Structure formats: structure tokens, C-alpha cells
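There are 4 protein chains.
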Amino acid sequence: MNKANIKNIGVFTSGGDSPGMNAAIRAVVRTGLYYDLNVTGILRGYDGMISGEFKPMERKSVANIIQRGGTVLKTARSDEFRTKEGRVKAYEQIKKNGIDAIVAIGGDGTFTGANIFHEEFNIPVIGLPGTIDNDLMGTDFTIGYDTAINTVIDAVDKIRDTAESHDRLFIVEVMGRDSGLIALRSGIGSGAEAILIPETKTDVSALIHRLGISRKDKSSKIIIVAEGDDAGGAFEIAKVVKDKFPGIDTRVSILGHIQRGGPPSCMDRVLASRLGVAAVESLMEGRTCEMIGIVNQKIHFTPFSSAIKHNKDVNSELLKIVDILSL
Amino acid sequence: MNKANIKNIGVFTSGGDSPGMNAAIRAVVRTGLYYDLNVTGILRGYDGMISGEFKPMERKSVANIIQRGGTVLKTARSDEFRTKEGRVKAYEQIKKNGIDAIVAIGGDGTFTGANIFHEEFNIPVIGLPGTIDNDLMGTDFTIGYDTAINTVIDAVDKIRDTAESHDRLFIVEVMGRDSGLIALRSGIGSGAEAILIPETKTDVSALIHRLGISRKDKSSKIIIVAEGDDAGGAFEIAKVVKDKFPGIDTRVSILGHIQRGGPPSCMDRVLASRLGVAAVESLMEGRTCEMIGIVNQKIHFTPFSSAIKHNKDVNSELLKIVDILSL
Amino acid sequence: MNKANIKNIGVFTSGGDSPGMNAAIRAVVRTGLYYDLNVTGILRGYDGMISGEFKPMERKSVANIIQRGGTVLKTARSDEFRTKEGRVKAYEQIKKNGIDAIVAIGGDGTFTGANIFHEEFNIPVIGLPGTIDNDLMGTDFTIGYDTAINTVIDAVDKIRDTAESHDRLFIVEVMGRDSGLIALRSGIGSGAEAILIPETKTDVSALIHRLGISRKDKSSKIIIVAEGDDAGGAFEIAKVVKDKFPGIDTRVSILGHIQRGGPPSCMDRVLASRLGVAAVESLMEGRTCEMIGIVNQKIHFTPFSSAIKHNKDVNSELLKIVDILSL
Amino acid sequence: MNKANIKNIGVFTSGGDSPGMNAAIRAVVRTGLYYDLNVTGILRGYDGMISGEFKPMERKSVANIIQRGGTVLKTARSDEFRTKEGRVKAYEQIKKNGIDAIVAIGGDGTFTGANIFHEEFNIPVIGLPGTIDNDLMGTDFTIGYDTAINTVIDAVDKIRDTAESHDRLFIVEVMGRDSGLIALRSGIGSGAEAILIPETKTDVSALIHRLGISRKDKSSKIIIVAEGDDAGGAFEIAKVVKDKFPGIDTRVSILGHIQRGGPPSCMDRVLASRLGVAAVESLMEGRTCEMIGIVNQKIHFTPFSSAIKHNKDVNSELLKIVDILSL
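Protein chains in written order, with full-length UniProt numbering: chain A, 1 to 327; chain B, 1 to 327; chain C, 1 to 327; chain D, 1 to 327.
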């Protein structure tokens, strides 16, 4: 299988961490060892590549980590790697350590860097989509998304307990950068009365009108707002609601970084495991500059350029059911 | 939209319960009300249909249930419905209560009954796949499967803590009737050293050989056994392992009914919500005798006969990665 | 036992909700029924008492609620009850509904109101400590405290995953009003590097000095801040830290209302159950104007005036171990 | 403070593992380092002591373990240590490694061994109560008990979902060896209809009579059985119930080893942290052959002989409320 004659695979995580990255690292390491390759862990993403923070990975290095959030290889955003000088240093370290292929786990910034690095130094790189935001083309779900939406609904279930007890309106802000995908599924899953996402125009007046109607039936309400929504974050929405509905007892909750941690869900662990195996096998087959995802239950390859450049569409059926179920 | 001129939809759950059934009931009720239909809850599946346990469903009947395991409509397996007399009684109750279309949430037994009922009395029925076993054709995942595999890995994570502390081998039995799909994904997700499923021949000698090899590296081991495995359940496997590896400190854990309960995962809530909306809309469009699933992220219809008659294949890629990652 | 010849007990929850209130309501209702009393639920605390929102409680009214956060009787803070007119209306409703004794579940504001109400109208009232803040004299723990600190450590465990991955400092703000007890135990339990509470003077310079020292050993740090801390909340602390340690990558997380919800812990359910039983029995014995707590594993009575007027001391041993373990 | 002139503390875990052992190890290590002592980890309890599995503990050795179940020092039950020869070997290893005081974390078997070891070789030993069973005199709660009962109620909450949906009776067996304390509190906390413990005579006929009465009100029922109950385990009880109540749909669930693992609760982490600090300080003060516990919120010392020889009484008030609340 090893057409590309790979001997030593480097693996790192970069950008924001997401639950399941450890499961992906474990899969890359064990698959490498399964095929009698060496595997080298690169710490702190591109920064560690530049400064030479490398360590050989054994089977034991990844024992008992599949269930842990975060990344044992640590992660960072690197300014230095954006400079040519930084990348030259990184390549020298790669060469010095005998690494002849790389698995990069991260998001669009990670792949952009990997793409340039390959163009400049011709080192094969395969990318795995590790981000809670699910904002990458070429995979149905990114590693960490499923865990993040489960964390959100667990938090909103708790918030609903107190919202119900006090007949309150809660505006809950969730992560996702400029994507509404975390908000969309976690909003449906938590039975939210409204979901505000950047992909659709947020009309606060219409929202208030709708809330006014549904108010007859139920006493407490949850609005889920994506942090990147066009109408602003939870505090901005709350301000508008308070101005127009002064009688409603309104509270804001910013869920924040709990969404990035915790033991990964089963689906995230399985996804990460499958992608980690596929990453090593694709490098051995001579592939490069592609992100591996799962589309329709099958391994799927997408050139870095395509994974990066497009935003995912929001499923219009999901938008419709929000309207039907929340009234 | 209401081509079929539906006025009153009956909804029930039948067979083994699964987390997300409540989310499906909620979606059916709210979608019915959204389209100005009446919705009638039928308690205890076909048994309640026969004995006339009906109640009108309001918006409030399904408030605050999306997050709850089990089914507020209760469920049962009905012997009486297997008789013609039973079905006649059921139909009389249906007529008496003015129900002109039915949403049946359950598994293959549920759909078999619904199919016969439609043939005999020409009442339109749409089925939703509610079972933790994921053993139905026509949907990537059944309602409850995702929650069940998350419950399993949470339990196995706990078991691994004590397995690691004592260097023990645990044989953990999971549900799934004659399907290995719960075992397969939860086994990968929990980092099990071996996964025994009915779809593949279990060779205990080979297994023991493999465990012997991997024993050098790691001290504790987890074997996940599907309850329907051809080599028997956890106690049978444990007996064989103990006989051949008397030195290994072996324990058995039968996870049992915790796998059926608990708050549904986000994906199960979203799946159930989507299917509940689609069920009502399809009845209004005049469809009948079909199970609705999600295939490749899209709503998918399968005639009851096809949903029932075939077993799902096991993804061969998943089987392969078990071998690679567990060694 | 029924010396006081009680026939109909009213029960309500008031003030901020806390997990375990439902378990307490269940215990009051079932104990009343066990002793052949009537039990009347009063909705929305003193507000519902004034407006006459009463409902008879049956065994079924409290079935399957022991595990739920929030309060099925809802809760509110009442301005009207602070007026004599309000209390007169409330008493008329109490008389009209034949209630001859009351169980009030809440915090110090609840008991203050109950004390005045008893003085004015001579209706016996027993209080149960329902607040996550644990800030009441006369009980080792209040109903909800144990759940809240478990919720905090679960959240901080998740935050630590991402803190570790990025070598970040997180300032995490927890609830507690003017009490540091949530911060203290959850801070020890989450292995925080520093815990800032209102009961001790917060010296940010000393804190920074200490963090500087410990920085050599570990890369990520968690500071837990009680919302009532003298140095301000998390955002204020973060500002100071950023000013003095510009190199540290700092993030803020306000845990917020998730701390009020969720299924109560076992200890909270047991505590609430014991107190609910004792409340009914004490009213039957003719007691009034006392809060019931558990001190040293035993039922303990405290006059409302004493429960209200003193703040709990902070255990000095706990403060000491923070210093030892966090360095 | 260091009156005893301790220089190197050995720490180990022994017997069954329990959640919070890692928090105790962390506290012992950090407190030792805080007082400028060396701390040596002894692996696998007395077995590792005999075979010389020692490792120096640094601050980093215990970083990020406070939240993990199990024990990083591993644990075992040692037959060899019961022999004089075994203990002589153990002492030689202790001497060779310069260990002059020991912290032993475990249960009664652990302390019995420690007591003999001290008598024979005069090495100071302090014990910490690490067992989920809560069966040791001299402490209100043992390390791991609170987590175990939370794990039980979480499992029973799930089981209740399916019990309710099917109107089933579940017999759930929990751990505790010959103690009913896990069953008692988790039974109250899960709202069980009956709790069967070894400390009280189990009268199955009376139980069935009681279940018959309560059957009118509620449809599903949960019986919690301690594994050491005088009437046998869950399967035995189920057999009797099935014989006498053939109409009841009965299921058995043996919760098993999930009760030993998982992230420790906040109270267990705080308890373990307090005890770990106190253990090191007591050794420095010259104490030996005592178990440290918390009684009435304060550190409490109990000679090994007293901690071992008596069984804890069952709180009669708790027994009474089971009767009141479950009817």
C-alpha cells in the first residue's frame, strides 16, 4: 500500500481545539504504527513546528486519550508561520526530524497554511476537519461539532429548568464564529422558541411579534443566538427585546468555552477514528493537499482550496421546522 | 398542501422505547396543530388503540418533553393486535374517535402491524423509526441510536477507569438484539480492544491470540459484545476467556436497560423533530405505508415492506478500523 | 402525632429556584398524604398566594419529579407581599382555601416574609432552605448547593480541556451572591489555581505574584471568582490580570444560570426528602417560624430570625488547603 | 511543624478503586512538596511495595488528575503481603527507597495490613478511607461514596424512563458488599418504591403486599437491592416477585462496575483534597496508625483498629422516610 514510501508521519493540531482531536491523534498514531511507520507528534501547531517541539509517538502515548477533550499535542494560532521566514524554519525542523508527510488537524486557517507549505516545500499534507463550528465544505460534520451541540443542549436543558420556574425569557448565545450551524441544530434540539443565525436576516420586530403570539401558550422562552448573528450577540438582542417587551423578565447566558471541551460524543470519536485511519492511508497512497471528511457515510476527499473557500449552506428543511415547532 | 384532506391524526409509540420518541411525538403534535389539524394521542401502542385509550393533544401536552427519555404516550407489545379480532376492535376505536390518519413510531414489528392494518381498513399510516438498535433499512440512523451509543461510551469510560486501575479485562455486553450496530460504533468510540458482533463470525481463539499480542503494550482491556453475538453473551465469552487465559483478571458487565433511557442526544432530537414534521406533511400529501428516514441528510421514504425485510449491512470500513486501532 | 390538629398544608417555593426543590415538594406532599392531611400547592410563591393560584396536590402531582431541576410550583419574588395590603390578600386566600399550616421553601427573603406573615396572622410556617448559595445559618448545606457545585466542576473540567490545549488562563465567574461558598468548594474541586471570594480580601497583586511563581510548573490556569467578590467579577479581574500580565492569553467565562438547573445530585435529593418529611411532621407537632436543616447528619431547627441574620463563616481549613494545593 | 522529621513520604492505593483516589494522591503529593518533602508513588498497592514499583512524584505527576476516576498509582489486592515474608520484602523496598512514612488509601483490608506493617517495622502509616461503600467508622463519608450514589441515580433515572414507558417493575442491584449505604441513599434519591439492605430483615411477602397497595397509584416501580442483602441479589428477588406477582412485567438490572468509575463529584474531590493535606501534616506531627476522616465537617482521627472493627449504623431516620415517601 505504501506507494509513496512514507517513513515518518508528523501530526499536529492547530487553531481552536475541539473534542475528538485526541481521538484523531490516537488513530493517526496507531494507524502509522500498524503500517510500521514512525509517527512524530508536533506540539502547539505551526509554532511548535517552527521551534522544533517534536516527540516520537508510541502506542502508549495515545493510550486512554480517546475519551478526553482538548488535544494532548496542544494547539496554537501561529503568526510566525504566516511569514516566509517562519515556514522556512518549520521546514528545516521537518527535514531535520526526518518527517516525510504530515497530518494537520484543524480548520480553514490550518489548511490554508498547509497548502502554502506544500507549495513551497513539496511536503505531502493531509488535513482533518477539527473544529466545533462545522463550517468546512467536504464533510457532513467536523470533529467536535456533535459534542458541542450536545454540550449546548445539556446547558439549555438546565437553563430551561430555571426559565420555566420563573416564566423567564432567556437569550442564550452559542459559538460558531460566522456560522449558524451550532445554533441551528442545538436550537432545534433544545426546543428553542427562536434561533437567530447569520445565514438568515434576523428581524427582531418579526421575532417579537412571533414571541407575542406564542406567549399565550407557554410562559418561558429560549432564544438561541449564534455569536456571529447579523443582529449582534445575546446582549444586543436582549437590549432590543427589553426595549420592546419591557414586561418580559429577560436573562442572558453566554455559554462560552464549555462548548470546546468535555469528553467527545460517540459519533465524534468514531468520525475522528475513521478520519485518522484514512489520513495515514491516503498519505501512503501518495495523496496530498486534501481534507478528508465523511459525506453520506463514506470517506470523501476535498482539495484544501475547496474546503476553505466556500461556506456551507444551511439546510432549508431545518430552517422550516424551526418555524413549525417553535410556535 | 392538505391534498388528502386529513382532519385528525392519531399518533402512538410501540415496541421497545427509545430516547427521542418524545421529541418525535412533540413534532407530530405541533406540526398537526400548525396545519390546523387535530392530533390524538393513542396510549400504549396497539393495545391502547384496541382498548380506546385516546387523548387529544394540545401544544401544552408536549411542552417540555423534548429532553426526556421514554415516551409520554407509553408503549407496549400487543398480542391482541396480531389477531383479526384485535385489529377490528382497534379500527372501531379509530373510527369512533374520528382519526383519519396515523403516525406509528416504533420498529419493524410496529410497521408490520401497520401494514396489515392499512391493507385491512385502508387507513393511511406513516411510520417513524424509533429503536435504539438502528436495524431498519431506509434511514441512516434510527431515533434513539445516537443516544444509546453515547450512553454506552459513558458507561465504558467509567468501566475503563476501574479496569485501568486493576489491570483487568472487562467483557461488556451491549444491546442491539440481532444487530451489532450498537456494539460496533460504541466499541470504536470507547476504544475497545475487541468488538464481537453477530454480523461477523466470532472466533474466540483468534481473539485470545490477538489479546495476547496486545497484552505487552497495555494492561487493561475492554471487549464489547453485542447481545446477539454468535458466540453468546458476555458471560459465555468470559467463560471461554477465563478457560484459556486463567491468569487474566476478568469481569463482566451487562449494561442493560440504561441504554434505553436518558435525555436524547442533540442529533436524536433533531432527527426526531425532522421526521415528526415530515410524517404529518406526508400524510397530508396522501402518502401511506412508508417509513420516513434520513438518508444522506435528506428525508427519505421507504415502503414498510422494504424497511422490514432486510437487515442493514455493516460498514466494512468500520470493521477494518477496529482491527487497526485496537491492536 | 398531630398535636396541632393540622388538616391542610400549603406548600410553595419562593425566591431563586434551586435543584432539589421538586424533591422537597414531593416529600411534603407525600408525607402529608401519608398522615392523611390535604396538601395544597401554591404557585409562584407569595405572588400566587395573593392571587389565589392554589391547586390540590395528589400523589400523582409529584410522581416522576424527584429528578427534575426547577420547581413545578414555579417561583417568583413578590413586591406586593412586602406591603400590608398584599399580605392581607394572601391571608384571605389562605383562609378561603382552608390551609392551616404552610411549608415555605426558599432563602432568607422567603423566611423574612414568612416570619412577618406569622406575626400578623398567626398561621404556622416552617421553612426549608432552598438556595444554591448555601448562605443560611442552621444547616450544613442548603438544597441545591451540592448540585450547583457539581455543575460548576463539570463546566470547569470542560474549560480546563481547552485551557490546557492553548496554555490559557481562564477567569471563571460562579454564582453565590455575597457568599463565596460556591466558589470555595467548586474551586477546590476543580483544582483551580486561585479562588477569589468576598469573605477574604482579594489582593490582585499578590495573586499575580503567586501565579507568576506557579507558572514555571504548569501552563494553563483557572481562577474561580465568586460573583460577589470585593475585587469585582470575572471581567474586572481579567482586566487587571491583562494589564499586569500582558503576555498571558486570558479568557473569561461567566457560568451563569446553568448553575441553577439540572437534575439534582443524590445528596440534594436525599436532603430535600428528609427536610420535606420533617417539615410536615414539625407542623403537626405544633412548631412554627423555624427553618429546618441538617447539621451533623441530624435534623436541626433554627428560628427564622437566626437563619436570616448571620452569614455563614468560611471554613478556615478549606481556605488553607487552597493555598497548599494550588501552588 | 515537621516534628517527626519526615523526609520522604510513600503513597499508594489499595483494594477496590474509588473515584476521588486521584484527588487524594494529588493532595498528598502537593502537600508533601509544599512542605519540601519528597513524595514517592508506590504502584499497585502492597504488591508494588513488595516488588519495588516506586516512582518519584513531581507536581506534574499529579497535574490534571483531580477530575479522573480510578487511580494513577493503580491498585491491587495482595496475597503475598499477608505473609510475613511478603512484608519483610516490602519493608526492605521501603528502606531501600528512603521512605520514612506512608499514606495508605483504601478500605479496611488496607488498614489491617498497615496496622500489622507498623507493628512489625515501626514505620508510620496514616490511612485515608477510599471506598465507594462508605462502610468505615470514623468518617461521615468515604472517598468515592458520593460519586457512586450519583452514578446510581443517574442510571436509575434512565431506567425509570423505560420503566414508565412500559409500566414495568425494575429490580436494580447496587454495590456495597455487606453494607446497604449505597442502596439506602441512592434509593431515596432515585425515588425507589422499595430499598432492600442487609442491615434490615428483608421480608419479601411484606414487600409484595406493599407494592400491591401502591400499584393503584403508579404504574412503574423501582426496587433497589444492595448486593449483600439477606434475601439475595436482584435475580433472587425478581424470582420471588415473579412467582408471587406473575402479572407484573419485571426486569433486572445489575449496575455493576460503572459505580466504581467516572469523574468524582465535587464533594468527593473536596473530601479527598482535605484528607490528603491532613495525611501529610499528621505524619509530620508524628501521628501513625490512624485513619483520617471528616466528621461533622471537621478532620477526625480514628485508630485503625476502631475504623476496621465496627460496621456503621444505618440512620434510622433515613429508613423511616423510605417508608413514608415510597408508598
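Note that the Cβ used here is the ideal one computed from N, Cα and C, for glycine as well. Keep in mind that this is a model prediction, so the values were computed, not measured.
Rounding to the nearest angstrom, what Cα-Cα distance links I99 of chain A and R77 of chain D in this structure? Each residue's Cα considered, the two are about 45 Å apart.
Could you give the C-beta distance for I159 of chain A and G261 of chain C, rounded to a whole number, given that I count them as a contact under 8 Å? I159 of chain A to G261 of chain C, Cβ: 6 Å. Contact.
Compare the C-beta of V277 of chain C with all C-beta atoms of chain D and state if any pair is closer than 8 Å. V277 of chain C has a beta carbon lying within less than 8 Å of a beta carbon in chain D.
For residue 329 of chain A, is the classification buried or exposed, using 16 other Cβ atoms within 10 angstroms of its Cβ as the cut-off for buried? Shown here, chain A extends from 1 to 327; a query on residue 329 of chain A therefore has no answer.
Leaving out five residues on either side along the sequence, give the residues of the same chain with a beta carbon under 8 Å from the beta carbon of I182 of chain D. Around I182 of chain D: I132, D133, N134, Y145, A148, I149, V152, V174, M175, G176, A226 and Q259.
Which residues in chain A sit within 8 Å of S265 of chain C, going by Cβ to Cβ distance? Those do not exist, as S265 of chain C stays about 13 Å from chain A at its closest Cβ, beyond 8 Å.
Do I254 of chain B and I254 of chain D come within 8 Å of each other at the CB atom, strictly closer than that value? Yes. Within cutoff.
Buried or exposed: S326 of chain C, going by 16 or more other Cβ atoms within 10 Å of its Cβ? The residue is buried, with at least 16 neighbouring Cβ atoms inside 10 Å.
Which residues in the same chain have their Cβ closer than 8 Å to the Cβ of M1 of chain A, if we skip the five residues on either side of it in sequence? Hits under 8 Å: Y35, E281, M284 and E285.
Do the region 116-127 of chain C and the region 86-104 of chain C make contact, defined as three or more Cβ pairs closer than 8 Å? Output reads yes: the region 86-104 of chain C touches the region 116-127 of chain C.
Could one say the Cβ of T112 of chain A lies closer than 8 Å to chain B's Cβ atoms, at least one of them? Output row for T112 of chain A: interface = no.
Beta strand (DSSP E) segment containing R251 of chain D, residue limits: Where R251 of chain D is concerned, the enclosing beta strand (DSSP E) stretches over T250 to I254.
Give the straight-line distance between the Cα atoms of A238 of chain C and K221 of chain C, rounded to the nearest whole angstrom. Between A238 of chain C and K221 of chain C, the C-alpha separation is close to 13 Å.
Which class does I50 of chain A belong to by DSSP, given the choice of helix, strand or coil? I50 of chain A falls in the helix class under three-state DSSP.
Where V314 of chain C sits in the DSSP three-state scheme: The three-state reading of DSSP puts V314 of chain C in coil, since its state is none of H, G, I, E or B.
With burial defined as no fewer than 16 other Cβ atoms inside 10 Å of the residue's Cβ, what is the status of I6 of chain D: buried or exposed? Burial state of I6 of chain D is buried, judged by a 10 Å Cβ sphere holding 16 or more other Cβ atoms.
Rounded to the nearest angstrom, what separates A90 of chain A and T112 of chain A at their Cα positions? Taking the straight line joining both Cα atoms gives about 15 Å.
Pull out every residue of the region 239-266 of chain D whose Cβ sits closer than 7 Å to any Cβ of chain B, in chain order. Answer in chain order: R251, S253, I254, G256, H257, I258, R260, G261 and G262.
Closer than 9 Å by beta-carbon distance: list the chain B residues that pair up with I159 of chain D, in chain order. For I159 of chain D, the residues of chain B that pass the 9 Å Cβ criterion are G256, H257, I258, R260 and G261, in the order they occur in the chain.
CB F81 of chain D to CB I50 of chain D, shorter than 8 Å? Yes.
Those residues which DSSP pairs with A226 of chain C across a bridge: According to DSSP, which records beta bridges pairwise, A226 of chain C is partnered with C:V174.
What is the DSSP secondary structure of residue 391 of chain D, reduced to helix, strand or coil? Nothing can be reported for residue 391 of chain D: it is not among the residues displayed for chain D, which extend from 1 to 327.
Can you name the start and end residues of the alpha helix (DSSP H) that V156 of chain B belongs to? V156 of chain B -> alpha helix (DSSP H) spans Y145 to H166.
N- and C-terminal bounds of the alpha helix (DSSP H) containing F117 of chain A: D108 to F121 is the span of the alpha helix (DSSP H), which, as asked, contains F117 of chain A.
Go ahead and label A206 of chain D buried or exposed: buried means 16 or more other beta carbons lie within 10 angstroms of its beta carbon, across all protein chains shown. In the assembly as shown, A206 of chain D is an exposed residue. Its beta-carbon has fewer than 16 other beta-carbons within 10 Å.
Would you report the Cα separation of R274 of chain B and I143 of chain B, rounded to the nearest angstrom? Distance between the alpha carbons of R274 of chain B and I143 of chain B is about 11 Å.
Going along chain C, which residues have a C-beta under 7 Å from A148 of chain A? Within chain C, no residue comes near A148 of chain A; the closest Cβ sits about 10 Å away, beyond 7 Å.
Checking contacts by CB at 8 Å: is K95 of chain D closer than that to chain B? Chain B, which has no Cβ nearer than 8 Å to the Cβ of K95 of chain D, makes this no.
List the whole-angstrom C-beta distance separating D37 of chain D from N8 of chain D, where the pair is believed to meet the contact cut-off of C-beta under 8 Å. With the sequence shown as reference, residue 37 of chain D is identified as Leu, and Asp is not the correct amino acid for it. Going by Cβ atoms, the distance from L37 of chain D to N8 of chain D rounds to 7 Å, so yes, they are a contact pair.
8 Å Cβ cutoff met for I324 of chain C and T162 of chain D: In terms of Cβ geometry, I324 of chain C and T162 of chain D do not form a close pair [threshold 8 Å].
Looking at the unbroken beta strand (DSSP E) that takes in V125 of chain C, where does it start and where does it end? It spans V125 to P129 - the beta strand (DSSP E) in which V125 of chain C sits, taken as one unbroken run.
How many Å lie between L169 of chain A and G48 of chain C at the Cα? Each residue's Cα considered, the two are about 20 Å apart.
Give a yes or no on whether the minimum CB-CB distance between E164 of chain B and chain D is below 8 Å. For E164 of chain B, the answer is yes, since a Cβ of chain D falls inside 8 Å of its Cβ.
Below-8 Å beta-carbon distance, A27 of chain D vs any chain C residue: Chain C, which has a Cβ nearer than 8 Å to the Cβ of A27 of chain D, makes this yes.
Say whether chain D places a C-beta atom closer than 8 Å to the C-beta of S18 of chain C. No, its Cβ sits nowhere closer than 8 Å to a Cβ of chain D.
Check whether the region 197-211 of chain B and the region 228-236 of chain B touch, using three or more Cβ-Cβ pairs below 8 Å as the test. Using a C-beta cut-off of 8 Å, the region 197-211 of chain B makes contact with the region 228-236 of chain B, since at least three inter-stretch Cβ pairs fall below that distance.
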